[in-house]
Amino acid sequence: MDHQSPFAQHLEANFIPTSAEIEAISNLLDEQQQHVDAIDAEITSLQQRRRVHTDYMGKHRCLIAAVRRIPADILTTITRALIAASNGRPRVILRSWRELTIESPPLWADIDLDIPSYPAKSPQGFVVDDARAPSWERTLEGISCRTEIFAQRANNSGLRISFIAKDPPFDILRRWVMYHHRGVWDKILQPFIRLASMTNRWQSLAIRLHPFTPMSPLLEILKLVEGVTSCTKELKVEIMCEFPLGEEMWRKMLSEGAMPIRRAPLTSFNAKMAYSDLCRFQPNWGALSRLSIGSPDHIIVFQEAASVLAVTPNISHCTIQFSDGLREIQFVAPPHIISLPKLKSLIVRGTDIPIEFTAILDLPCLTHLPAIQNLRFHPKDENQHAVIELIRRYGGQVTDVSFVYASMTPSAFGFALDNLPNVVSLELVGEGPDSRTPKRAPLQEEWIFPAEANQLHIDVFETLIPEHEGPPYPLESCACPRLQALACKFGVHRGAGTPIKRQMLKLISARQRGLRNANEDGVSWLERVEVVFKSGKVDWMMEELRTNGVDTDDVRFSAQYPDPCLVPAFSAVRPTIPGIGQIFQMLEIERSLDDE
Numbered sequence: 000m001d002h003q004s005p006f007a008q009h010l011e012a013n014f015i016p017t018s019a020e021i022e023a024i025s026n027l028l029d030e031q032q033q034h035v036d037a038i039d040a041e042i043t044s045l046q047q048r049r050r051v052h053t054d055y056m057g058k059h060r061c062l063i064a065a066v067r068r069i070p071a072d073i074l075t076t077i078t079r080a081l082i083a084a085s086n087g088r089p090r091v092i093l094r095s096w097r098e099l100t101i102e103s104p105p106l107w108a109d110i111d112l113d114i115p116s117y118p119a120k121s122p123q124g125f126v127v128d129d130a131r132a133p134s135w136e137r138t139l140e141g142i143s144c145r146t147e148i149f150a151q152r153a154n155n156s157g158l159r160i161s162f163i164a165k166d167p168p169f170d171i172l173r174r175w176v177m178y179h180h181r182g183v184w185d186k187i188l189q190p191f192i193r194l195a196s197m198t199n200r201w202q203s204l205a206i207r208l209h210p211f212t213p214m215s216p217l218l219e220i221l222k223l224v225e226g227v228t229s230c231t232k233e234l235k236v237e238i239m240c241e242f243p244l245g246e247e248m249w250r251k252m253l254s255e256g257a258m259p260i261r262r263a264p265l266t267s268f269n270a271k272m273a274y275s276d277l278c279r280f281q282p283n284w285g286a287l288s289r290l291s292i293g294s295p296d297h298i299i300v301f302q303e304a305a306s307v308l309a310v311t312p313n314i315s316h317c318t319i320q321f322s323d324g325l326r327e328i329q330f331v332a333p334p335h336i337i338s339l340p341k342l343k344s345l346i347v348r349g350t351d352i353p354i355e356f357t358a359i360l361d362l363p364c365l366t367h368l369p370a371i372q373n374l375r376f377h378p379k380d381e382n383q384h385a386v387i388e389l390i391r392r393y394g395g396q397v398t399d400v401s402f403v404y405a406s407m408t409p410s411a412f413g414f415a416l417d418n419l420p421n422v423v424s425l426e427l428v429g430e431g432p433d434s435r436t437p438k439r440a441p442l443q444e445e446w447i448f449p450a451e452a453n454q455l456h457i458d459v460f461e462t463l464i465p466e467h468e469g470p471p472y473p474l475e476s477c478a479c480p481r482l483q484a485l486a487c488k489f490g491v492h493r494g495a496g497t498p499i500k501r502q503m504l505k506l507i508s509a510r511q512r513g514l515r516n517a518n519e520d521g522v523s524w525l526e527r528v529e530v531v532f533k534s535g536k537v538d539w540m541m542e543e544l545r546t547n548g549v550d551t552d553d554v555r556f557s558a559q560y561p562d563p564c565l566v567p568a569f570s571a572v573r574p575t576i577p578g579i580g581q582i583f584q585m586l587e588i589e590r591s592l593d594d595e
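Each residue of the sequence shown is one higher than the last, beginning at 0 in numbering that gives the first Met the number 0.
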């Protein structure tokens, strides 16, 4: 309001007020401030009044929200999905939702019995803390009560039970077994026993035991397995110890020294234990459609695996964890072929498989071959590699393949890619699962360093890139023309990191040209790419793809060590010790790579 001010003619002008004029201006400001304060107070009052009305409206809108009117069947489906995806517990729920969940038996069918360890005074657990034993016992009682509530609310639904328990360290175990703590075992097993007494409608059962001795009372739970498996379709038993239980223990638990569960309608059997203990289980092997075998100390070998496969002719999915591969194990092939006419997926882990093992397998329906094995020995060529032998015989029908390319020679790697014309998903790994530990090849003085031995031969990898300038690309223009999903995990490539990344960009750009599904007879569009490099920066790769107009929605690049100078490596030294001679010693060092 400049026209009401006696100083209006001086506003925005070069004017220097006198002392009297300064006082007059200050009085004007005070007067105007009073008006502003009055308006602010009125605004605050109006906002408060408005908030009262909006809160009222918001609370009433919630009453007619669509989420409150979701049909019960849809709400039950949503609840199941959320329960499976989260361990959180909501603090406030609708009464109708609570009633719905209580009246929905399938929501209560999953019962996890994860038994806490007996309290100890130290993190290592070597000294018991009896003062906290009452609290521990109350926890177990709470688990038992919750188990009963779940079983009751599950009604006639098939239960899916998981039981996990472990022994304490040996000193405490000995004290428990010999003295007054023997009753503690009854408390550990009580939740399982009470559940077994309520119902035998167990659709699936998973038991994971960590015994420290072959005579652990924890193993007494195996006595109850036969009695609760009359309706069980999936059985998983893991005995996580480094020794077989032995004849005496099995005779103590079961009168026949074995577990006859042939009457159980099992279709899936997962066993992780010593092979001699696996033989104690007697399911109807011919009825199984899924099989997984292995051992906590990885001593399942090829002879034993062949014996199991020979009695499971109807399996469609099989997972085998072989030995750790510290030494080569001789395989004596049985006199007959093992035919698995329904097997679609064969997952193998552990050491390199001898080609003699795959030679006895007849797998006419094989489509999935994940074979991520430990990198222990020198690369094998196409005439010695077991995975290559399977690709040679069944590559035309296989759609999903995973393997450690570092275990193959360049010619074998190229042979594998050239003989997978219909593969849809391909995973290439440069390092085995335990690549940080170098291992010595048997009967040789040299050592195999997985991080150094996994050089990816770029010339072989280039066969995935169509030769024609296209698109569209004819099927014969590249290897794996039906490929839609590619996953790569590269190892250390001294002096070749950037060329490999450039080659990867070239591959993605070439396989994502043209229209998707434009020509069913041509090379497929590469839909998903996930690449993990050992080291170096990868942001520039995504930027370059976008600059070239490539769709990067399903493209992922990452590096285990963004700073290549921090990649740990092993180095071998041979110091000479007086009176002893030369010894071989491994040192883990930090090294700088020259590939970035």
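Just so you know, even glycine gets a beta-carbon here, dropped at the ideal spot from N, CA and C.
(Q) Tell me the DSSP secondary structure of residue 560 in three-state form. (A) strand
Q: Count the other CB atoms, across all protein chains shown, that sit within 10 Å of the CB of residue 101; report buried if there are 16 or more and exposed otherwise.
A: exposed
Q: Have a look at residue 288 and residue 311 and give me their C-alpha separation to the nearest angstrom.
A: 8 Å
Q.
Residues in the same chain with beta-carbon distance under 6 Å from residue 227, minus the five sequence neighbours each way, listed in chain order, please.
A. 195, 199 and 201
Q. Since residue 302 contacts residue 330 with CB under 8 Å, what's their CB separation in whole angstroms?
A. 6 Å
Q | Beta-carbon proximity of residue 208 to residue 238, cut-off 8 Å | A | yes
Q. Quick one: what does DSSP say residue 92 is sitting in, helix, strand or coil?
A. coil
Q.
Within 10 Å of its beta-carbon, does residue 488 have 16 or more other beta-carbons around it, so buried, or fewer, so exposed?
A. buried
Q. Which class does residue 267 belong to by DSSP, given the choice of helix, strand or coil?
A. strand
Q) Which of the three DSSP states, helix, strand or coil, is assigned to residue 205? A) strand
(Q) How far does the beta strand (DSSP E) with residue 527 in it extend, from its first residue to its last? (A) 527-534
(Q) Taking 7 Å as the cut-off, is the C-beta of residue 218 nearer than that to any heavy atom in the ligand NAD? (A) As presented, the structure is devoid of all ligands, the ligand NAD included, so that no description of it is given.
Q: Tell me whether the beta-carbon of residue 313 lies closer than 8 Å to the beta-carbon of residue 343.
A: no
(Q) Taking its Cβ as the centre, do 16 or more other Cβ atoms sit within 10 Å of residue 452, making it buried, or is it exposed? (A) The predicted model places residue 452 with a pLDDT of 44, which falls under 50 and marks its position as unreliable; any figure quoted below should be read in that light. With 16 or more other Cβ atoms within 10 Å, it is buried.
Q. Can you list, in chain order, the residues of its chain whose CB lies under 6 Å from that of residue 309, leaving out five sequence neighbours each side?
A. 337
Q | Contacts around residue 236, its chain only, beta-carbon distance under 6 Å, and the 5 residues preceding and following it disregarded | A | 206 and 270
Q: Could you check what DSSP says for residue 554 in three-state terms: helix, strand or coil?
A: strand
Q.
What does the alpha-carbon distance come out to for the pair residue 405 and residue 363?
A. 28 Å
Q. Considering only residues of the same chain and omitting the five flanking positions on each side of residue 537, which have a CB-CB separation below 7 Å?
A. 556, 557 and 558
Q) Tell me, which residues are paired with residue 372 by DSSP? A) 349
Q) What did DSSP end up calling residue 466 once you bin it into helix, strand or coil? A) coil
Q) Do the CB positions of residue 191 and residue 162 come within less than 8 Å of each other? A) yes
**Q.** Where residue 399 falls: helix, strand or coil (DSSP)
**A.** strand
Q) Comparing the C-beta of residue 233 with each C-beta of chain D, is any distance below 8 Å? A) Given the protein chain composition of this structure (a single chain), no chain D is represented.
Q. Residue 320 bridges to which residues according to DSSP?
A. 348
(Q) Going by beta-carbon coordinates alone, are residue 193 and residue 146 separated by less than 8 Å? (A) yes
Q. Would the beta-carbon of residue 486 fall within 8 Å of that of residue 529?
A. yes
Q) What whole-angstrom Cβ distance do residue 321 and residue 300 have, given they're in contact under 8 Å? A) 7 Å
**Q.** Which listed residue (411, 272, 257 and 339) has its alpha carbon closest to that of residue 598
**A.** This structure does not reach residue 598, given that the chain is present from 0 up to 595, and the question cannot be answered.
**Q.** For residue 317 and residue 224, the rounded distance between their alpha carbons
**A.** 23 Å
(Q) Measuring alpha carbon to alpha carbon, tell me which residue in 420, 417, 412 and 79 is nearest residue 427. (A) 412
**Q.** Other residues of its chain near residue 187: CB distance less than 6 Å, five sequence neighbours each side excluded
**A.** 114 and 164
Q) If you run the structure through DSSP and keep just helix, strand and coil, what is residue 608? A) The shown model of the chain, from 0 to 595, leaves out residue 608, and the question about it has no answer.
Q) Which of the three DSSP states, helix, strand or coil, is assigned to residue 23? A) helix
Q) Any chance the segment 496-507 sits against the segment 532-549, with 3 or more Cβ pairs inside 8 Å? A) yes
(Q) For residue 40 and residue 46, what's the separation of their Cα atoms in angstroms? (A) 10 Å
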